[in-house]
Ligand code: FES
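Residue numbers (my numbering): 1 to 356.
Have a look at this one:
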């Protein structure tokens, strides 16, 4: 397939050609892709929580997309990709990429794990929601290998059992007495109160109590929608002995698709998460504000003034780029990483936001 044969990909100097070795389906909407960088393999040794950035050509539009590495260190690089939309890069990985294809890939980047954690035994707690599992699974792999006395507990929230990514790998890892997985399912499939429905303060308090291991320092890594991570942080802080937390967020990582040349497109795909529910809006004109796009899609986004004053439409920019429409003299500043949807237009092939 012509994934690596466009003029743009040949012009991209920092990428390395990697042959697709295997594409393994995990759920109806997600795959694990194994890559072989050949002689460049040493450049693909990664630290826990790092990711690969791909230079792709999706339906004639060049773009960069990043996916977390999920393989244990020392094995061929693997990424897990959940399909989040029709026609985008995630669909390409889920439906078109095949063994033997050659993809242009930048070596691992980003960071989330501090090596000093391995100086002493820890109980490492991982809180993941949906595809948020991908950066955390390499932390689990690393922690179990780094020290024989590290313990790892994963609390993993999904809507249904069919949505659980990396399930096979998690079952394999759970054979270790030092690794425990606790699934929380929105559809009530487990039949138990604690593992049914959305996580809330009461459930998190009970889970922290249940999984407390005395004698070991605890640290929690969080990955998922902003609201999910904020809730875990709030409960962790309120413990009698506050639990330290680390967020995994693309916004905290050094690479933010700054070279995304898909700005030549006339439309963008906008992913909006509100109250834990994600909606994908296709074909948003670049001239339209994010608030306007939500209006057209029938999304009830909170807004009042529509002129940058009230901040009711504030959202966290998770990935992609946006541009300010005409600057408003009255506009107050928003914190770094946040945007006002009534004031910003999409400026990259995909923009992902979560309402504050
Ligand atoms: S709606 Fe008031 S600042 Fe956007």
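Glycine included, each C-beta is placed from N, C-alpha and C at the ideal position.
Checklist entry - For the alpha helix (DSSP H) that contains residue 301, what are its first and last residues? => result First-last for residue 301: undefined, no H or E at that position.
Checklist entry - What residue ranges within the region 6 to 86 form continuous beta strand (DSSP E) runs of no fewer than 3 residues, ordered along the chain? => result Taking only runs of at least 3 residues, the beta strand (DSSP E) segments lying wholly in the region 6 to 86 are 16 to 27, 30 to 36, 51 to 58, 61 to 68 and 78 to 82.
Next on the checklist: On a Cα-Cα basis, can you pick out the residue from 106, 322 and 287 that is closest to residue 338?
Outcome noted: Minimum Cα distance to residue 338 is reached at 322.
Next on the checklist: Quick check on DSSP: helix, strand or coil for residue 139?
Outcome noted: Correct three-state label for residue 139: helix.
Checklist entry - Which of the three DSSP states, helix, strand or coil, is assigned to residue 161? => result DSSP places residue 161 in helix when its eight states are reduced to three.
Item to check | residue 59 versus 51, 49, 68 and 90, residue with shortest Cα-Cα distance | outcome: Of 51, 49, 68 and 90, the residue nearest in Cα terms is 90.
Item to check | Through-space distance from residue 355 to residue 277, alpha-carbon basis | outcome: Each residue's Cα considered, the two are about 10 Å apart.
Next on the checklist: Which residue wins for smallest C-alpha separation from residue 65, given the options 104, 41 and 290?
Outcome noted: Among 104, 41 and 290, the Cα nearest to that of residue 65 is on 104.
Next on the checklist: Beta-carbon within less than 7 Å of residue 121's beta-carbon, same chain only, minus the 5 sequence neighbours each way: which residues are those?
Outcome noted: If you ignore the 5 residues before and after residue 121, its C-beta comes within less than 7 Å of the C-beta of 147, 149, 150 and 216, all in its own chain and listed in chain order.
Item to check | Spatially closest choice to residue 19 from 130, 28 and 33, by CA coordinates | outcome: Comparing Cα positions, the closest option is 33.
Item to check | Coarse secondary structure for residue 316, derived from DSSP in three states | outcome: Residue 316 falls in the strand class under three-state DSSP.
Checklist entry - Which residues count as close to the ligand FES when the rule is a CB under 6 Å from any of its heavy atoms, in chain order? => result The set of residues with CB atoms less than 6 Å from any heavy atom of the ligand FES reads, in chain order, 303, 304, 305, 306, 308, 309, 310, 311, 312, 313, 340 and 342.
Item to check | DSSP state of residue 147 mapped onto helix, strand, coil | outcome: Three-state result, residue 147: coil.
Item to check | Meets three-Cβ-pair contact criterion under 8 Å: the region 164 to 179 and the region 190 to 209 | outcome: The count of Cβ pairs closer than 8 Å, one atom from the region 164 to 179 and one from the region 190 to 209, stays below three, leaving the stretches out of contact.
Next on the checklist: With DSSP as the reference, identify every bridge partner of residue 179, one or two as the case may be.
Outcome noted: DSSP lists 152 as partners of residue 179.
Checklist entry - How many Å lie between residue 314 and residue 341 at the Cα? => result One alpha carbon belongs to residue 314, the other to residue 341, and they sit about 6 Å apart.
Checklist entry - According to the neighbour-count rule (16 or more other Cβ atoms, all chains shown, within 10 Å of its Cβ), is residue 44 buried or exposed? => result Counting of Cβ neighbours within 10 angstroms places residue 44 among the buried residues, the total reaching 16 or more.
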